[in-house]
Amino acid sequence: MQAVSVVGDDLRETSDGPRLVGGRCRACGAVAFPRPASCARCTGSDVDEHLLADRGSLWTFTVQNFLPKAPYDGWAEFTPYGVGYVELDGEVLVESRLLASSAAGLRIGAAVHLVVEEYGADASGTPLTTFAFAVDGAPA
Amino acid sequence: MSVSIAGIGMHPFGRTEGVSGMQQGVVAVRAALRDAGLTWDDVDFAAGGSEAAGNPDTMVSALGLTGIPFINVKNGCATGGSALTVAAAAIESGQAEVAVALGFDKHPRGAFNEDPARWGLPEWYGRTGMMLTTQFFAMKIQRYMHDYGISDAALAKVAVKAFENGALNENAWRRAPLTEAEVAGSRMINHPLTQYMYCSPGEGAVAVVLRRTSQGAASREVKLASVAFRTRRFGSFEVFSPHLAAERVDGPTVDAAAACFEAAGIDPADVDLAQVQDTESGAEIMHMAETGLCAHGDQEKLIADGSTRIDGSLPINTDGGCLANGEPVGASGLRQVYENVLQLRGDAGPRQVPGSPKVAFTHVYGAPGVSACTLLTV
Ligand SMILES: [Zn+2]
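Protein chains in written order, with our numbering: chain D, 2 to 141; chain C, 2 to 379.
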């Protein structure tokens, strides 16, 4: 069954793989994700599309160990998942799910890369996907 | 400031079946008026907040339809600070001689669930399971522990102290002491934080009656030396942030605390006791330093040697904090003020800080990056 991305235009499949679509302020250069209508740093209103780096380092993390309430629509059969902030290119830090079911393989400073993750399925069984980061070299 | 605390009132925290949040608010207001020796007819102005238990201004149908201005405020966990800011400003500006600040709430069991649209966030942020305040605090303390060498044991010790203090507080929700091993060994919620290191959404209400400080005020009259409220600046690390800027600046806690101390002309070193936002153990640790009460990294030693206990040199969250009282969002900030008034009056009973404290500080922090602080003095 064809998976459906819930992230919409904020994630794009390129010839080099998936990339997050952020914004870069034309006036001050501040990078944000998702792409905002105006810049939170200088309030400028010209924010150009900016593809974020697909590799970075883990700035901090946690592991979600309980089933979140709605609007969470991940697998009903709950498996813990990682959440963290990933520093990309010194431009911006992005909050993301992490491919990890415990804290064992996670550490601050770890090299990580962007992947697409099936995190649940809708009522008809169609898989739902979102972006996530995985620790380099970790078993998938 | 020329504002005094004339009276305080509380409806006990925890779970009270069959009593609405607003009814608990009415109980608190009546108790505060009684404490002040006043009636609702004497009140010129009110400001009230509730996250989830109704519109505070409708309380006038129970308290009395006297026609006074009654402003509703809503700033997440900082709501009590907002109510106090507004009520104190009404007195300072000459609009009122007697003003009431109040907060109440009643939340269902379990973690809060949030609607991304209400916070200006994309739908996927909630759907994919990233919109949880518990995650934010876990990620913030994880980084903080890495940067400043705070241990897992310190996290557990903060919770142990909270329940110890809660056991001495007849209005607290959780009154059973726990050992460090019980806290550390409880269910992992969001690594590195376990179940007993987190507060739970709860119920409760607090009201404070403010009055213009009179000439020749009684010697133990508690004065509101300052109140400061701040929102986040660009680059601070806040809850519900799909991204963070590459540059880091201090958060609203640092800004609000600095403004509060400056306005009062009081140095953080002069604080005799403090109530700081302890949504979880790590928050207490980080907020101790962010408010200026200690240097970053010193918390490890202060907690290990008992300095933050009631009989220590820097007592923190003497009423058990959010951990032992739960968090009725609208009422939490004023609970801290209530506790500090008791302590400064010398009326805190078994949990009284020794040595006649004279300067007491409060701090709240909430989504989406707001903080309010107060200084009370006698
Ligand atoms: Zn800009």
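Ideal placement from N, C-alpha and C gives every residue a C-beta, glycine not left out. Keep in mind the model is a prediction, meaning the values are calculated, not measured.
- One Cα belongs to D/G30, the other to D/D47, and the distance between them is close to 10 Å.
- Proximity of C/E124 to chain D, defined by a Cβ-Cβ separation below 9 Å, is satisfied.
- Around the beta carbon of C/Q25, 16 or more other beta carbons sit within 10 angstroms, so the residue counts as buried.
- Annotation: the continuous alpha helix (DSSP H) that includes C/M289 extends over S282 to E291.
- According to DSSP, residue pairing for C/Q276 in a beta bridge involves C/T363.
- For the C-beta of D/W60, the chain C residues within less than 9 Å are, from N- to C-terminus, M140, R144 and L245.
- Spatial neighbours of C/S308 in its own chain (CB-CB distance under 6 Å, excluding positions within 5 residues in sequence) are listed in chain order as S314 and L315.
- With a threshold of 9 Å between beta carbons, C/I72 makes no contact with chain D.
- With its beta carbon at least 9 Å from every one in chain D, C/H108 lies outside the interface.
- For C/P117, the nearest beta carbon of chain D is closer than 9 Å to its own beta carbon.
- For D/G45, the CB falls within less than 8 Å of some heavy atom of ligand 1.
- One thing to note: C/G81 has its Cβ no nearer than 9 Å to the Cβ of C/N326.
- Collapsing the DSSP output to three states places C/N191 in a strand.
- Remark: three or more beta-carbon pairs, one from each stretch, lie closer than 8 Å, so the segment 140-158 of chain C and the segment 59-68 of chain D are flagged as touching.
- Here C/E281 has F138, L194, M198 and Y199 as same chain residues with Cβ atoms under 6 Å from its own Cβ, once five neighbours each way along the sequence are excluded.
- For D/E92, the neighbours in chain C by C-beta distance under 7 Å run, in chain order, A247.
- C-alpha of C/A361 to C-alpha of D/D11: approximately 47 Å in a straight line.
- Not flagged as an interface residue toward chain D: C/P369, since no C-beta distance is shorter than 9 Å.
- Taking each of C/G10, C/P269, C/Q196 and C/R176 in turn and checking the Cα distance to C/V184, the smallest one comes out for C/Q196.
- Taking each of C/C323, C/A89, C/P329 and C/E171 in turn and checking the Cα distance to C/A229, the smallest one comes out for C/A89.
- Judged by DSSP secondary structure, C/V255 falls within the alpha helix (DSSP H) whose first and last residues are P253 to A265.
- Contact check for D/A101 against D/V117 fails: the beta carbons are separated by 9 Å or more.
- The nearest non-hydrogen atom of ligand 1 is less than 8 Å from the C-beta of D/R42.
- By the 16-neighbour rule on beta-carbons within 10 angstroms, D/L129 is buried.
- Following the DSSP letters along the chain, one finds C/V159 inside the alpha helix (DSSP H) bounded by residues D153 to G167.
- In this structure, the straight-line span from the alpha carbon of C/F241 to that of C/W125 is close to 13 Å.
- DSSP places C/M11 in the strand class (E or B) of the three-state scheme.
- In the assembly as shown, C/D279 is a buried residue. Its beta-carbon has 16 or more other beta-carbons within 10 Å.
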